[in-house]
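> Counted from 1, the sequence shown has number 84 at position 24 by our numbering; the numbering is strictly sequential.
Glycine included, each C-beta is placed from N, C-alpha and C at the ideal position.
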Amino acid sequence: MFAGKTYKGEIDFVAIKNGKKCFIQVSYMMVNEETIHREFGAYEKITDASPKYVMSLDKIDLSHDGIVHLNIIDFLLGNRDLMLT
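1. Could you work out which residue in R140, D72, T145 is closest to R98 when comparing CA atoms only?
2. Which residue comes first and which comes last in the beta strand (DSSP E) that contains L130?
3. Does DSSP put E70 in a helix, a strand or coil?
4. If I106 sits next to L117, beta carbons under 8 angstroms apart, how far is it from one beta carbon to the other, in whole angstroms?
5. Terminal residues of the continuous beta strand (DSSP E) containing I84?
6. Could you give the first and the last residue of the continuous beta strand (DSSP E) run that contains M115?
7. Quick one: what does DSSP say I96 is sitting in, helix, strand or coil?
8. Out of E70, K119, Q85, point me to the one whose CA is closest to P111's CA.
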């Protein structure tokens with residue numbers, strides 16, 4: 061797992077296992093539109109079709125535009141899993 065660089069910033073994590081990968085952005089809470097745009101917007105310049113995730117403590121699902129929003133506690137407890145392609 062490593063951080064990835066984009067044209068306008070960086071992706072928090074790029075997870076790779078057995079040649080498959082996904083991208084992960086992490087935020088404490090999605091407190092306003094600016095935060096939501098920053099975290100989901102980090103993927104705007106990425107053309108790679110690998111799964112893209114935003115994780116936070118929010119309990120409501122903010123998934124959109126093919127980017128999956130996960131509650132980080134659900135992920136850490138194993139209630140939700142990541143897909144790598």
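The relevant details are as follows:
1. D72
2. 128 to 131
3. strand
4. Actually they do not touch by this definition, with Cβ atoms about 24 angstroms apart.
5. Following the DSSP letters along the chain, one finds I84 inside the beta strand (DSSP E) bounded by residues 80 to 86.
6. It spans 112 to 116 - the beta strand (DSSP E) in which M115 sits, taken as one unbroken run.
7. helix
8. Q85
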